[in-house]
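Read left to right, the sequence shown gives residues 14 to 196 (the numbering used here). Idealized CB from N, CA, C, for every residue including glycine. Being a predicted model, the structure only gives us computed values, none of them experimental.
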Amino acid sequence: LLSPDKLHRCVHLPGSVRVRRDACRLHVQRVPGLRAAAAQASDADYLYRMPALDRPQGSIDILEAACTLCFEIIPPPPPQNRTIDHACEILLDADQVQFPLIVRNYRQGDRIRPFGLAGTQSLKRLFINNKVPRTKRRRLPLLLNGGQIVWAVGLRRGRCAPITRDTIRAVRVTAAEWRPERA
Numbered sequence: 014l015l016s017p018d019k020l021h022r023c024v025h026l027p028g029s030v031r032v033r034r035d036a037c038r039l040h041v042q043r044v045p046g047l048r049a050a051a052a053q054a055s056d057a058d059y060l061y062r063m064p065a066l067d068r069p070q071g072s073i074d075i076l077e078a079a080c081t082l083c084f085e086i087i088p089p090p091p092p093q094n095r096t097i098d099h100a101c102e103i104l105l106d107a108d109q110v111q112f113p114l115i116v117r118n119y120r121q122g123d124r125i126r127p128f129g130l131a132g133t134q135s136l137k138r139l140f141i142n143n144k145v146p147r148t149k150r151r152r153l154p155l156l157l158n159g160g161q162i163v164w165a166v167g168l169r170r171g172r173c174a175p176i177t178r179d180t181i182r183a184v185r186v187t188a189a190e191w192r193p194e195r196a
């Protein structure tokens with residue numbers, strides 16, 4: 014369990030106790046049984062659709078991630094603020110967005126085209142690099158535009174629909190009440 018070469022280890026102890034190590038944390042919990050633990054570990058898939066914004070704003074409550082994604086159509090930001098994306102907010106070119114936008118969780122094999130980088134990166138590698146525990150990866154919301162991952166909420170923005178000098182309208186997407194440690 015404490016071996017430095019293996020970051021993720023799990024040991025089952027008598028009395029339905031499980032000790033699990035994720036990177037630099039040790040978790041001790043009582044587990045009713047192995048079957049219940051397996052069911053608990055495999056979070057169910059979720060998928061939400063954000064239809065075209067008929068009004069200037071809309072939102073999606075993502076119960077599985079304990080957050081709300083808020084969508085708002087705004088005028089384009091000034092040039093000095095066009096590439097600034099925060100962990101809890103991104104800006105998209107509204108004319109490049111293909112509605113409905115999809116919000117779903119991670120699936121094996123997912124890849125993102127990171128903004129500012131060439132090529133693609135697997136989400137698994139992104140999670141590892143950002144030290145996202147395995148238990149939280151399936152709950153983290155992903156925003157998709159036309160089948161491409163636009164945003165791994167709280168982690169990384171994709172290359173799709175960037176704000177440019179030709180942008181007329183922008184879509185601001187904000188993760189309200191988002192706390193990565195709760196997801």
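| Query | Result |
| --- | --- |
| Any 3 or more C-beta pairs closer than 8 Å across the region 121–129 and the region 70–81 | no |
| Cross-strand partners of ALA65 (DSSP beta bridge) | Paired residue(s): none; ALA65 is not in a bridge. |
| GLU102 vs VAL186 beta-carbon contact at 8 Å | yes |
| Residues near SER135 in its chain [Cβ-Cβ closer than 6 Å; skip 5 each side] | ARG124 |
| Runs of beta strand (DSSP E) wholly within the region 95–137 (minimum 3 residues, chain order) | 102–106 and 114–117 |
| Cross-strand partners of THR81 (DSSP beta bridge) | ASP74 and ALA189 |
| contact_flag[the region 106–118, the region 143–155] where n(CB pairs < 8 Å) is 3 or more | yes |
| Beta bridge counterpart(s) of ARG38 as assigned by DSSP | ASP35 |
| Same chain, Cβ closer than 6 Å to ILE162, neighbours up to 5 away in sequence not counted | ILE125, LEU155 and GLY171 |
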